[in-house]
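Residues in the sequence shown are numbered consecutively from 11, following my numbering.
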Amino acid sequence: MGKSRSKRYLLIGSHQTVSSEYRFLDADDPTGTFSVFLARARDHEYHIDHFRDRFYVRTNRDARNFKLMEASEGGMDPDRWVELIPHREDALLGPFEHDVDDRRLVEEHRVAFEAVV
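Here it is as structure tokens:
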């Protein structure tokens, strides 16, 4: 359990060998109820963080080596996520961290990802 990078949400991640699930709660309402970001599904691992009014999702959904997606608040449906860094068969996309500028985040990961090849 921890706070999102934006400090706006409390996040709880539950991980197993082949699946994960996150719950989130508005940090300004600590007595509220946690909401499921995306229900656990077999063979789907994901990690989330929140920054600048958006969720960032590192997911292996249709991406064995992971890809980085962006979800608007309230946009938890994976079909509505926007791809920031695509999946690559020849390189694993590792964990991500946000910097002051989220565009810089994407560029740094894109460069690091391409440097692996």
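For glycine and all other residues, C-beta sits at the position ideal for the given N, C-alpha and C.
* Answer yes or no: do H60 and Y32 have a C-beta to C-beta separation smaller than 7 Å? => Stepping through the sequence shown from its first residue, residue 60 is reached at position 50. Stepping through the sequence shown from its first residue, residue 32 is reached at position 22. No, the pair does not count as a contact, with Cβ atoms beyond the cut-off.
* To do: Over the uninterrupted beta strand (DSSP E) stretch that includes M11, give me the two end residues.
  => Taking the sequence shown and counting its residues from 1, the one referred to as residue 11 is at position 1. Looking at the DSSP string, M11 is not in any beta strand (DSSP E), and its letter there is neither H nor E.
* Mapping DSSP to helix, strand and coil, what is D53? -> Residue numbering aside, residue 53 sits at position 43 when the sequence shown is read from its first letter. Here D53 sits in coil by DSSP.
* Asked: Does DSSP put D36 in a helix, in a strand, or in coil?
  -> As a working mapping, residue 36 is identified with position 26 in the sequence shown. The answer is strand: DSSP assigns D36 an E or B state.
* **Backbone CA spacing between G42 and R74 [nearest angstrom]** => Reading the sequence shown from its first residue, position 32 is the one you call residue 42. Reading the sequence shown from its first residue, position 64 is the one you call residue 74. Between G42 and R74, the C-alpha separation is close to 35 Å.
* To do: Could you tell me if R90 is buried or exposed, where buried requires 16 or more neighbouring beta carbons within 10 angstroms of its beta carbon?
  => Along the sequence shown, one-based indexing puts residue 90 at 80. With fewer than 16 Cβ atoms within 10 Å of its Cβ, R90 is classed as exposed.
* Asked: Which class does R71 belong to by DSSP, given the choice of helix, strand or coil?
  -> The residue you call residue 71 lines up with position 61 of the sequence shown. In the structure shown, R71 sits in coil (DSSP, three-state: anything other than H, G, I, E or B).
* Alpha carbon to alpha carbon, how far is V127 from G84? -> By one-based count along the sequence shown, residue 127 stands at place 117. By one-based count along the sequence shown, residue 84 stands at place 74. For V127, the predicted model reports a pLDDT of 47, less than 50, meaning its position is unreliable and no value from the coordinates is stated.
* Given a cut-off of 7 Å, decide if F65 and A49 are closer than it, judged by their beta-carbon atoms. => In the sequence shown, counting from the first residue as 1, residue 49 sits at position 39. In the sequence shown, counting from the first residue as 1, residue 65 sits at position 55. Against a cut-off of 7 Å, the Cβ pair of F65 and A49 comes out as no contact.
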